[in-house]
Amino acid sequence: MAIVEIYSSVWCPFCYRAKRLLEQKRVDYKEIEVSDNPNLKSEMLSRSDGRYTVPQIFIDGEGIGGSDELVALDQNGELDAMLGLDD
Numbered sequence: 031m032a033i034v035e036i037y038s039s040v041w042c043p044f045c046y047r048a049k050r051l052l053e054q055k056r057v058d059y060k061e062i063e064v065s066d067n068p069n070l071k072s073e074m075l076s077r078s079d080g081r082y083t084v085p086q087i088f089i090d091g092e093g094i095g096g097s098d099e100l101v102a103l104d105q106n107g108e109l110d111a112m113l114g115l116d117d
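Here my numbering = 1-based position in the sequence shown + 30.
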């Protein structure tokens, strides 16, 4: 199964949406809370080519964007393969 990382904030409804989709698929993920941590926020900015909105989602180290992109990948039938669920 793929390694999934989500940079998020506690107040973020889009973060909740992304996490809920992954949980429905029974995919484990590492949540990285950036709200009160400038070092982690800087790390997120560096990894996401300057994107400052949350969530920022990485699958096996590849940035896919945010919640909308995750949902689009799911609707297009691409997400399961990226997550290693179709093996």
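Ideal Cβ placement from N, Cα and C applies to all residues, glycine included. Computed from a predicted structure; not experimentally measured.
Task: Neighbour-count burial assignment, Ile33, 16 or more Cβ in a 10 Å radius - done: Exposed, because fewer than 16 other Cβ atoms sit within 10 Å of the Cβ of Ile33.
Task: Segment contact, 8 Å Cβ cut-off, at least three pairs: the stretch 63-74 with the stretch 90-102 - done: The stretch 63-74 makes no contact with the stretch 90-102; the number of CB pairs closer than 8 Å stays below 3.
Open item on the list: I need the straight-line Cα distance from Gly80 to Pro68, nearest angstrom please.
Closed with: Taking the Cα positions, Gly80 is about 14 Å away from Pro68.
Open item on the list: Using the Cβ count rule (16 or more neighbours within 10 Å means buried), how would you classify Ser38?
Closed with: Buried.
Task: Distance between beta carbons of Ser76 and Gly93, contact taken as under 8 Å - done: Not quite, the Cβ-Cβ distance comes to about 11 Å (not below 8 Å), so this is no contact.
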